[in-house]
Amino acid sequence: MVATSAVLLNTFHTVNGLLMGTYLSLPPVWSFLANAFAHPMFWLGLALWAAGFAHETLLNIRRNAKKADDDDANDGKAKPKQEHYAIPHGLLYRFISDPNYFCEWVE
32 MVATSAVLLN TFHTVNGLLM GTYLSLPPVW SFLANAFAHP MFWLGLALWA AGFAHETLLN
92 IRRNAKKADD DDANDGKAKP KQEHYAIPHG LLYRFISDPN YFCEWVE
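Here our numbering is used: the first residue of the sequence shown is 32, the next is one more, and so on.
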């Protein structure tokens, strides 16, 4: 089962890379991409990607730091009482319900 899924996954990535490489090597695409840096939508998309990437990176850093702090604090002790869950407010939560997933999609 594991070998089958590995073969299927590698096949998917190989075909995906082949199709993207073929598309990017076509002459009409090169003529379209020649002025891409001058178009404001390119820079808007790049800024959106950078914001999503930065948010996802900071989320991973905070998650790992919290896990390390919890592991250090609980070394050899009983498991502490769980934190109370509350609905977050502020920042991107003002606009969308789950900014973490949104930033993953944008990235």
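Every residue, glycine too, gets a C-beta built ideally from N, C-alpha and C. Quick caveat: nothing in here was measured; it's all calculated off a predicted structure.
Residue i, buried or exposed, once every other Cβ within 10 Å from all chains shown has been counted against 16
i: HIS86; result: buried
Rounded C-alpha distance that separates residue i from residue j
i: GLU114; j: THR88; result: 24 Å
i: LEU90; j: TYR124; result: 14 Å
i: ASN131; j: VAL38; result: 31 Å
i: LYS98; j: THR42; result: 35 Å
i: SER62; j: LEU50; result: 19 Å
i: GLY52; j: PRO119; result: 42 Å
i: LEU64; j: LEU75; result: 16 Å
i: ILE127; j: PRO58; result: 40 Å
i: THR35; j: GLY121; result: 45 Å
i: PRO71; j: LEU77; result: 10 Å
i: ALA69; j: ALA117; result: 45 Å
Proximity of residue i and residue j at Cβ, strictly below 8 Å
i: ARG82; j: PHE73; result: Per the sequence presented here, residue 82 reads as Ala, with Arg not at that position. Against a cut-off of 8 Å, the Cβ pair of PHE73 and ALA82 comes out as no contact.
i: LEU79; j: VAL137; result: yes
i: VAL60; j: TYR54; result: yes
Complete alpha helix (DSSP H) runs within the segment 71–124 (minimum length 4 residues, chain order):
The qualifying runs are 71–104.
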